[in-house]
Each structure stands twice: as C-alpha cells, then as structure tokens.
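One structure is given below, encoded as structure tokens.
2 protein chains.
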Amino acid sequence: MQCSKIDPVQDTATIVSDLRARGHRLTPQREAIIGAVLKAKGHIVPVELARAVQRRMSAVNPSTVYRTLSLLEDLGVLKHSHLEHGPEYYRATSQDHVHLRCARCGTDDDLSLDEAERLKQLIYAHAGFLPDLSHFAISGLCAACQAR
Amino acid sequence: MQCSKIDPVQDTATIVSDLRARGHRLTPQREAIIGAVLKAKGHIVPVELARAVQRRMSAVNPSTVYRTLSLLEDLGVLKHSHLEHGPEYYRATSQDHVHLRCARCGTDDDLSLDEAERLKQLIYAHAGFLPDLSHFAISGLCAACQAR
DNA sequence: GTCGTTGCAAAGCGTTTGCAACTAT
DNA sequence: ATAGTTGCAAACGCTTTGCAACGAC
Chain F
1 MQCSKIDPVQ
11 DTATIVSDLR
21 ARGHRLTPQR
31 EAIIGAVLKA
41 KGHIVPVELA
51 RAVQRRMSAV
61 NPSTVYRTLS
71 LLEDLGVLKH
81 SHLEHGPEYY
91 RATSQDHVHL
101 RCARCGTDDD
111 LSLDEAERLK
121 QLIYAHAGFL
131 PDLSHFAISG
141 LCAACQAR
Chain C
1001 MQCSKIDPVQ
1011 DTATIVSDLR
1021 ARGHRLTPQR
1031 EAIIGAVLKA
1041 KGHIVPVELA
1051 RAVQRRMSAV
1061 NPSTVYRTLS
1071 LLEDLGVLKH
1081 SHLEHGPEYY
1091 RATSQDHVHL
1101 RCARCGTDDD
1111 LSLDEAERLK
1121 QLIYAHAGFL
1131 PDLSHFAISG
1141 LCAACQAR
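Set out below in structure tokens:
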C-alpha cells in the first residue's frame, strides 16, 4: 500500500555509464534515442518514438529504435507496460464501470457503481478533469495472488 | 464480493431483430460470433474473439469476425475503446502516478502522489485488490474542453 | 582487430480491403 | 432474383529477426 519510491534522476550520463558497464557501446543513434526517451513525458509509444527520432536524425532505422528500447528495458531505464494493452470493444449496454484484472491469475472483477463513482469524484476533484470510465481496466494483483 | 451490475440484458434475439431491421442477414457465422460476444465478460479483444469463434466453428474467416464486430458497433451492441491503446514503455524511475490525458486537446496532467494514493486505497478497499499504478493513463475531458 | 551495433530485407502478426462466389431472404 | 455476406488473397502498419557490413572501443 506504499508508494514511496524514490525517483532517482536519470540523466544521459548515468544511462551511458550503465550501458558501458555492461559492455555496450554508445552510438550516435543511441544518443538520439536516449535523448528522445528522456525528453518524453509520460509514456513511450515505440512507433511514435521511432518517428520522433527519425525527425531529428534523418536515417535511424526503426529496428534500431526497437532494439534500443528493449536494451533500455534490460538496463532498467524503461519498463514495459502490459496495462493498457487490451480491450478493443466492450458491450455498449454496460454501465460505467471499472474493471479489475489480476495480472497473475487473470481473474476479472469490477468495482461497484458506488465505488466507481467515488473514483470518478476523486479524479474530478483534480482540476475538474472528467474521466471517461465507460470502460476501464486496471491491472494489479487480487487478494489471493498477493498471498502467494 | 460481487458488485451490482445492472446490465440491461442483451440477448441474441434482440440483436438479431436489430440486425434485420437494418436490412442485414443472419448467417451461421454471425450467430457464432454474436454468441461469443455475449458470452464474453468484460472486454473484447478482436484477435482473441476470432480465435474463440474459430475454436467453436472450424472455418470462420478472421475477416468475417472483424467485419461482424464493426457491424455490431454500428448496431450499438458494442463500443470501441481507445482508452487502453497506448503506451508501451514508461520510465522505470517514475513513481506511481496516474496520468490524465484529455481526449480532445491532448493535454497531459498527473494526479498528485497523494491523490494517487487515495485512488489506490479506494481500489484496495474493494476485495483487497492491489492495483498496479506504476503507470496508468486515464482518458477523459479536461475542464477547459468540457466548457467548449 | 574485436565484437557490439547498424541497416536492410524478409518475415511475422493483427487487421483491412477488393473481389468473385455464395446464400439468406 | 437480389442484395447482403463470405472466403480468399493481397495489402497494410507495426514489430521482429537473420545476416552481412560497419564502427566504437
């Protein structure tokens, strides 16, 4: 229930030395990609990053971008997210609800309408942002799987 | 621990008559696909549904499944979700945070750590489900865009 | 010079589309 | 008989992979 993770500032220098410590090399392409990654706020969508990098550096092959992203994941600079990969369609009749899916056992559950409403309020209280909860999935661990 | 879902029952019969009302036809393939859609709880991932249908009915072409899903969307049986399409990677150093993205203007915002923590608590209170908020994006409308 | 890295091209996967054959009505 | 539907094959966009050339060290 804690979320006090210290956020070590990750600068190019640190990443590059981690890279070298593992016997990897710094190439102009990697420099550009790392730069783009650090500049990105929030999430990183591979295709978009690939395009962004290519805009700055004429000819970086997409495969290089993909390979570098996965290298950065190995180095611990990036993490892969399965969270938002998912559903494409949902039943039109279903009311706003928040779907909970256990990442380990795959069990699905929903917040009650009341709980969903409170969640909505909580978010709305932040600068009046109105979330679209018409369909919403949150990944995590169910009680049973946490115990294991 | 179940929540009260008041899911207006959408049965095959209703869907089929809507279908016909629009001048569409009922084929064995569509029957199978509709059956699978109704059986699905929660979200529907096209590829998975396609495979599920093919398991039951030897030779349904994937394109038929895709076309039927989009037809069902036209009929209002399904809705398309853009919500969870997105990010693949996120910075490993970033703290748990909840990302808010305005669907209209694209502005990004984050809940404060405190707000994120309360959101986590709220979800945790439901059957002890521990959400993974390490990276999380919620779509909706920012205050400015609601006004427009 | 070594060996990690790159670009290229080909292949993979999910999805879309054109078209001729089929079939529910 | 008349459209709406289907399967097939081709095409598409994103991603991965094998391989030879390249270049950081």
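First to last, the sequence lines map onto chains F and C.
In terms of the working numbering, the first sequence opens at residue 1 and continues consecutively.
In terms of the working numbering, the second sequence opens at residue 1001 and continues consecutively.
Note that CB positions come from ideal geometry on N, CA and C, so glycine has one too.
Chain F contact residues for residue i, given Cβ-Cβ distances below 7 Å
i          : result
C:Arg-1118 : Leu-122
Euclidean distance between Cα positions of residue i and residue j
i          : j          : result
C:Ala-1040 : F:Asp-108  : 11 Å
F:Gln-10   : C:Leu-1119 : 27 Å
C:Ser-1004 : F:Asp-110  : Low confidence applies to C:Ser-1004: its pLDDT is 41, below 50, so where it sits in the model is not reliable enough to give any reading.
F:Val-37   : F:Glu-31   : 10 Å
F:Cys-102  : C:Leu-1130 : 9 Å
F:Ile-15   : F:Ile-44   : 17 Å
C:Gln-1121 : C:Asp-1114 : 11 Å
C:His-1085 : C:Ser-1139 : With a pLDDT of only 49 at C:His-1085, under 50, the local geometry of the prediction cannot be trusted, and no value is derived from it.
C:Leu-1019 : C:Ser-1058 : 24 Å
F:His-24   : F:Leu-75   : 11 Å
C:Arg-1148 : F:His-99   : 30 Å
C:Ile-1123 : C:Ser-1112 : 17 Å
F:Lys-79   : F:Leu-133  : 25 Å
C:Thr-1012 : F:Cys-105  : 30 Å
C:Arg-1022 : C:Ser-1063 : 21 Å
F:Leu-72   : F:Gly-128  : 36 Å
F:Thr-27   : F:Val-77   : 17 Å
F:Gln-29   : F:Arg-56   : 10 Å
C:Ser-1070 : F:Ser-70   : 34 Å
C:Gln-1146 : F:Gln-146  : 39 Å
Those residues which DSSP pairs with residue i across a bridge
i          : result
C:Arg-1101 : C:Asp-1108, C:Ser-1139
C:Leu-1130 : F:Leu-141
Listed by chain order, chain F residues near residue i by CB distance under 9 Å
i          : result
C:Ala-1127 : Leu-100, Asp-109, Cys-142, Ala-143
C:His-1024 : Simply none; closest approach about 17 Å.
Cβ neighbour criterion (16 or more within 10 Å) applied to residue i
i          : result
F:Cys-142  : buried
C:Ser-1017 : exposed
C:Ala-1137 : buried
F:Ala-144  : exposed
F:Thr-68   : buried
C:Ala-1050 : buried
C:Asp-1007 : Bear in mind that a pLDDT of 45 at C:Asp-1007, under 50, signals an unreliable position, so the model cannot answer this.
Presumed contact (8 Å Cβ cut-off) between residue i and residue j, rounded CB distance
i          : j          : result
F:Gly-97   : F:Ala-125  : Residue identity differs from the one stated: residue 97 of chain F is His in this sequence, not Gly. That belief does not hold up - the Cβ atoms of F:His-97 and F:Ala-125 are roughly 20 Å apart, past 8 Å.
F:Val-65   : F:Ile-33   : 6 Å
C:Val-1053 : C:Val-1047 : In fact, because the Cβ distance is near 11 Å, the residues do not count as touching under 8 Å.
Partners in chain C for residue i, counting only beta-carbon separations shorter than 9 Å
i         : result
F:Ile-138 : Ile-1123, Phe-1129, Pro-1131, Asp-1132, Leu-1133, Phe-1136
Contact set between residue i and chain F, taken where Cβ atoms lie within less than 8 Å
i          : result
C:Gln-1146 : Gly-128, Leu-130
C:Glu-1031 : Ordered by position in chain F, no residue passes the 8 Å Cβ test against C:Glu-1031, which lies about 18 Å from the chain.
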